[in-house]
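One structure is given here, and the rest of the page talks about it.
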Amino acid sequence: MELSGSALRELLELSLEQLELFLSELPNQDAWNDDQAVQAARSVMEPIPERGRPAESVLRQFFSTAVPVGLNTTGPGYLAYVPGGGLPQAAVADLLAGITNRFVGIWSAAPAVAQIEATVIRWFCDLIGYAGTAGGFLTSGGSLANLSAIVTARRIRAGEDFRQALIYTSNQAHHSVLKAAVLAGFPVENVRNIATDERWRVRPDALAAQLDRDRKAGGRPLMIVAHAGTTNTGAVDDLDALAELADRERLWLHADAAYGGFFMLTERGRQCLSGLARADSVTLDPHKSLFLPYGTGCLLVRDQQHLRQAHAMDGDYLPTLSDDPEFVDFSQISPELSRDFRALRIWLPIQLHGVAPFRRLLDEKLDLARFAAAELRALDAELVDTLEIVAEPQLSILAFRLRRKGMDREANNRLNRRFLDSINAPRRVYLNSTMLDGRLVIRICVLSFRTHLDRVRECLELIRRAARTLAE
Ligand SMILES: Cc1ncc(COP(=O)(O)O)c(C=O)c1O
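Here the working numbering is used: the first residue of the sequence shown is 174, the next is one more, and so on.
Here it is as structure tokens:
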């Protein structure tokens with residue numbers, strides 16, 4: 174199974190040929206494609222092969238059959254959900270990490286390699302404003318970071334019997350918050366979805382009132398999960414107000430900054446996310462606003478000792494654990510033991526380019542979202558009251574819909590579904606919808622490092638054309 178140097182080179186060159194072609198064609202590839210989706214999926218159903226086949230044939234099957242169907246999450250036209258694009262530099266890091274295959278779960282097994290991960294965590298702590306006592310670890314994504322945050326808060330603050338412990342979040346929370354709570358053992362009804370204001374931010378007064386009601390009824394409030402950028406509209410909760418409330422009520426404050434967190438690199442982002450460092454824990458998702466390929470999330474905790482208290486376990490067969498506070502055994506502060514060396518995906522691109530281009534690109538996304546909102550307002554003026562911006566960009570997400578006087582909600586939702594389908598039909602962009610107060614709205618999330626003004630203009634032109642057609 175060991176590849177000779179030349180065999181490895183040959184395999185890499187064949188892969189590179191395919192990758193170069195894939196990347197050079199990205200701007201012209203469809204933003205989504207559901208043609209032959211079922212056939213494509215069925216074509217890769219097969220029993221385990223006893224013998225191998227030539228690399229060309231395997232790569233062809235992957236690139237020609239599997240990759241082209243579905244959403245083109247890598248391309249510049251992907252403006253749905255929360256894109257990132259996937260920096261190729263990070264994929265090179267995966268190759269290096271995979272071949273060197275170091276074990277980073279325990280510091281002594283790879284002291285300097287594990288330290289690279291600890292250094293990346295330190296960079297992130299500095300970025301959000303956490304002091305030297307903070308710590309954290311890389312996860313596979315935001316959902317798992319939210320799960321570990323809730324488990325940590327539960328272990329530190331709620332004790333063994335947490336059935337009465339209550340979690341407060343907004344009615345705009347990402348579904349991973351409820352999922353995490355349920356997986357962490359809380360009954361569904363222990364998660365309170367609090368009302369939001371006209372900008373889709375949780376209302377601290379409504380939260381305080383619910384806390385009051387719950388305490389009077391004998392409930393045990395445990396934690397608040399705030400959002401530093403909701404998935405629906407990019408709404409950023411008033412983190413300072415929630416931190417004050419959490420302090421007063423002695424609650425753990427977790428901030429889900431999976432989408433918004435890395436905007437802390439920008440001046441406008443820092444203003445918008447003021448108070449983030451006051452949270453007890455923060456979810457970040459480098460595979461969103463740091464443009465990495467899927468598979469890299471992060472949980473930071475203001476007091477690293479809390480992570481240790483929640484996770485530390487020893488086993489007789491393990492290598493020696495570090496007792497030096499300068500270093501960290503990641504398996505002792507997180508749920509995983511063996512796992513991939515995720516930090517290289519972050520470390521390598523930042524070492525190669527510095528952080529400045531990330532900052533610049535995130536600033537560009539803020540500009541593009543504002544530009545899109547201004548153009549939609551102009552379109553509304555042109556078409557006279559037909560287009561409503563339901564959520565102005567707080568970061569790089571906005572939401573809008575067509576409105577018609579006298580049209581009932583269901584008919585209006587159907588109209589907006591047709592609007593969305595006709596914007597997406599030419600396959601130059603892919604937008605998605607969500608529901609806000611029972612109304613179907615269309616979202617634009619500008620976040621991929623590959624999305625620039627040209628594609629946003631094209632998107633706006635498609636919106637204009639679809640709106641005009643539906644207005645006739
Ligand atoms: C606000 C927010 N939280 C959590 C998540 C879940 O992150 P992941 O998909 O990395 O598990 C998302 C994903 O879009 C998100 O937008």
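A virtual CB, placed ideally from N, CA and C, is assigned to each residue, including glycine.
query, result
"Is it the case that the Cβ atoms of residue 398 and residue 324 are separated by a distance below 9 angstroms?", "no"
"Identify the residues that DSSP records as bridge partners of residue 313: which are they?", "Beta-bridge pairing links residue 313 to no other residue."
"Starting from residue 399 and walking both ways along the beta strand (DSSP E), at which residues does that stretch end?", "393-400"
"Around ligand 1, which residues pass a check of Cβ closer than 7 angstroms to any of its heavy atoms?", "254, 255, 314, 315, 316, 317, 319, 347, 349, 400, 402, 403, 404, 429, 431, 432, 456, 458, 460, 461 and 470"
"Going by DSSP, what residues sit across from residue 561 in a beta bridge?", "574"
"Throw me the rounded Cβ distance for the residue 574 and residue 563 pair, which I believe falls under 8 angstroms.", "6 angstroms"
"I'd like to check one pair, residue 468 with residue 313: are the Cβ atoms closer than 9 angstroms?", "yes"
"If you follow the beta strand (DSSP E) that residue 589 is in, where does it begin and where does it stop?", "Per DSSP, residue 589 belongs to no beta strand (DSSP E); it is in the alpha helix (DSSP H), 582-597."
"Taking the beta carbon of residue 623 as the centre, do at least 16 other beta carbons fall within 10 Å, making it buried, or is it exposed?", "buried"
"Say whether the stretch 434-447 touches the stretch 408-415, bearing in mind that this needs 3 or more beta-carbon pairs closer than 8 angstroms, one atom from each stretch.", "yes"
"Is the beta carbon of residue 461 sitting closer than 9 angstroms to the one on residue 309?", "no"
"For residue 372, which three-state DSSP category applies?", "coil"
"For a test of the three-state rule: what should DSSP assign to residue 238, helix, strand or coil?", "helix"
"Quick check: the stretch 329-345 against the stretch 361-373, are at least 3 beta-carbon pairs closer than 8 angstroms?", "yes"
"Is residue 608 helix, strand or coil when you go by DSSP?", "strand"
"Taking the DSSP output, what are the residues bridged to residue 473?", "309 and 455"
"In the DSSP output, what is residue 617 paired with across the bridge?", "571"
"When the distance is taken between beta carbons, is residue 495 closer than 9 angstroms to residue 278?", "no"
"Which residue wins for smallest C-alpha separation from residue 265, given the options 540, 519, 305 and 553?", "519"
"Taking residue 295 and residue 283 to be in contact with their CB atoms under 8 angstroms, please state how far apart those CB atoms are, rounded to whole angstroms.", "About 17 angstroms; that fails the 8 angstroms criterion."
"Hey, residue 438 and residue 528 are a contact pair by Cβ (cut 8 angstroms); roughly how many whole angstroms apart?", "7 angstroms"
"For residue 343, list the residues DSSP reports as bridge partners.", "367"
"Our contact map puts residue 456 next to residue 281 with C-beta atoms below 8 angstroms; I'd like the distance itself, whole angstroms only.", "Not quite, the Cβ-Cβ distance comes to about 29 angstroms (not below 8 angstroms), so this is no contact."
"If you count every other CB in all the chains shown that lies within 10 Å of the CB of residue 569, and 16 or more means buried, which is it?", "buried"
"Is residue 464 closer than 9 angstroms to residue 260 when the C-beta atoms are compared?", "yes"
"Pull the bridge partners of residue 427 from the DSSP assignment, please.", "398 and 454"
"Please return the same chain residues whose Cβ sits closer than 7 angstroms to the Cβ of residue 379, not counting the five positions on each side in sequence.", "367 and 368"
"When you compare each of 361, 631 and 187 to residue 544 by their alpha carbons, which one comes out closest?", "631"
"Give the DSSP bridge partners of residue 409, in chain order.", "401"
"Out of 558, 288 and 382, which has the shortest C-alpha to C-alpha gap to residue 499?", "288"
"Hey, residue 262 and residue 484: beta-carbon distance below 9 angstroms or not?", "no"
"Given a threshold of 16 other Cβ atoms within 10 Å of its Cβ, counted over all protein chains shown, does residue 635 qualify as buried or as exposed?", "buried"
"Can the beta-carbon of residue 199 be found less than 9 angstroms from the beta-carbon of residue 248?", "yes"
"Tell me where the alpha helix (DSSP H) around residue 195 begins and ends.", "178-198"
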